[in-house]
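Q: Structure incoming, see below.
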Amino acid sequence: MNQESTSNFVTTGPVRLSYFKAIAGKDTFNDSGELTGKEWSTMILVPKTDTKTVDAIKNAIDRVTAEKWGSNVPKGLKVTFRDGDKDGKGGVPDDVEAGAAPYGGHYFMNVKSDRRVKIYNSAAECISHDEDGNAIPVSPDLIVSGDYAFVYINCYAWSSGKFGSGVSWGLKSVQQYKKGEPLGTNDSHSPGFKPIGVPDGESADLLGFGGF
Numbered sequence: 006m007n008q009e010s011t012s013n014f015v016t017t018g019p020v021r022l023s024y025f026k027a028i029a030g031k032d033t034f035n036d037s038g039e040l041t042g043k044e045w046s047t048m049i050l051v052p053k054t055d056t057k058t059v060d061a062i063k064n065a066i067d068r069v070t071a072e073k074w075g076s077n078v079p080k081g082l083k084v085t086f087r088d089g090d091k092d093g094k095g096g097v098p099d100d101v102e103a104g105a106a107p108y109g110g111h112y113f114m115n116v117k118s119d120r121r122v123k124i125y126n127s128a129a130e131c132i133s134h135d136e137d138g139n140a141i142p143v144s145p146d147l148i149v150s151g152d153y154a155f156v157y158i159n160c161y162a163w164s165s166g167k168f169g170s171g172v173s174w175g176l177k178s179v180q181q182y183k184k185g186e187p188l189g190t191n192d193s194h195s196p197g198f199k200p201i202g203v204p205d206g207e208s209a210d211l212l213g214f215g216g217f
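Taken in order, the sequence shown gives residues 6 to 217; the numbers are from our numbering.
This is the structure we're talking about:
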């Protein structure tokens, strides 16, 4: 899968981040199970009310599609920009209700990079790299899923015999905007256990928990 040189760049308005892995990164592997590198990625939720960002993304998709295939657009073209209020192709995943939070009222897509992305604070100061461009540690809870940010992304068309053809987006950098209600946290979930009563005069050892 080759990224095209006819990339188009967009700086979004405030979007909500989900499945955010743009600081720590994750290992990626090829079909043989060999480690190929790191991936920094996030899903972005673009509010439909932000028509400027929505139009910029759609226009970039149209441009790279025309530049790559002209009038011969492949059937089944995979486009990552999807509608959170729709089911099926181009809509929410099968296990998600269309229009339900956090997808409802938004378009959404995954964006990623195999290089460490730069993180900026609200004052546009780079906090993930020093003045020489060297990566520096960033607190893993500085930006988390559910927070809002501006993202700088690039659109590209691709073709692959195995995966077909499509239009995807790369993640270039992220700027903090504001904190949001966390997504994907289990903190509010029930522990799933009922209290266990220990008879008077007995210890936890008698219940089989000795050694902790």
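Yeah, the Cβ is synthetic: ideal placement off N, Cα and C, and Gly gets one too.
#1: Can you tell me the Cα-Cα spacing of D90 and Y24, whole angstroms?
#2: Taking 6 Å as the limit between beta carbons, can you name the residues of its chain near K183, skipping five residues before and five after?
#3: Does the beta carbon of H134 come closer than 7 Å to any beta carbon on chain D?
#4: Is the beta carbon of L176 sitting closer than 7 Å to the one on S118?
#5: Is it right to say V78 is buried, meaning 16 or more other beta carbons lie within 10 angstroms of its own, or is it exposed?
#6: Please say whether L22 and S150 have beta carbons closer to each other than 7 Å?
#7: Closer than 6 Å to a non-hydrogen atom of the ligand GDP - does that hold for the CB of G104?
#8: Can you give me the C-alpha to C-alpha distance between V15 and V156, rounded to a whole angstrom?
#9: Answer yes if the region 97–115 comes into contact with the region 52–67, meaning at least three C-beta pairs across the two stretches below 8 Å, and no otherwise.
#10: With DSSP as the reference, identify every bridge partner of S150, one or two as the case may be.
#11: To the nearest angstrom, how far is it from the Cα of G148 to the Cα of C131?
#12: Using only CA atoms, which one of N139, E136 and L50 lies nearest to A105?
#13: Could you check the C-alpha separation between D135 and S173 for me, to the nearest Å?
#14: What residue range is occupied by the uninterrupted beta strand (DSSP E) comprising K177?
#15: Please state the DSSP three-state secondary structure of D67.
#16: Excluding the five sequence neighbours on either side, which residues of its own chain have a C-beta within less than 7 Å of the C-beta of G81, listed in chain order?
#17: CA-CA distance, A65 and S178?
#18: Would you say K63 and S46 are within 7 Å of each other, going by their C-beta atoms?
#19: In its own chain, which residues sit with a C-beta less than 7 Å from the C-beta of G185, not counting the 5 before and 5 after it?
#20: Can you tell me the Cα-Cα spacing of E72 and Y161, whole angstroms?
#21: Going by alpha carbons, who is nearest to P142 out of V122, A129 and N159?
A: Answer, in terms of the structure:
#1: The alpha-carbon atoms of D90 and Y24 are separated by roughly 19 Å.
#2: Listed in chain order, the non-local C-beta contacts of K183 below 6 Å within the same chain comprise Y153, local neighbours out to five positions each way being set aside.
#3: Of the protein chains in the structure, only one exists, and it is not chain D.
#4: The criterion of a C-beta distance shorter than 7 Å is satisfied by L176 and S118.
#5: Its Cβ having fewer than 16 others within 10 Å, V78 is exposed.
#6: Their beta carbons are under 7 Å apart, which means S150 touches L22 by this criterion.
#7: This structure simply doesn't include the ligand GDP, nor any ligand for that matter.
#8: One C-alpha to the other measures close to 8 Å.
#9: Yes: the two stretches touch, three or more of their Cβ pairs being nearer than 8 Å.
#10: Residue pairing by DSSP leaves S150 without any beta bridge partner.
#11: Checking the sequence, you will find Ile at residue 148 rather than Gly. The straight-line gap separating the alpha-carbon atoms of I148 and C131 is approximately 14 Å.
#12: The candidate whose alpha carbon is nearest that of A105 is L50.
#13: Looking at the backbone, the Cα of D135 and that of S173 are separated by about 30 Å.
#14: Run containing K177: G169 to K183, per the beta strand (DSSP E) assignment.
#15: Of the three classes helix, strand and coil, the one that applies to D67 here is helix, per DSSP.
#16: Apart from sequence neighbours up to five positions away, the residues of its chain that approach G81 with a beta-carbon distance below 7 Å are G169, ordered along the chain.
#17: Taking the straight line from one Cα to the other gives about 18 Å.
#18: For the pair K63 and S46, the CB atoms are not nearer than the 7 Å cut-off.
#19: For G185, the CB contacts under 7 Å within the same chain, skipping 5 residues up- and downstream, are R21, G151, D152 and Y153 in chain order.
#20: Spanning the two alpha carbons is a distance of roughly 10 Å.
#21: The shortest C-alpha separation from P142 is found at V122.
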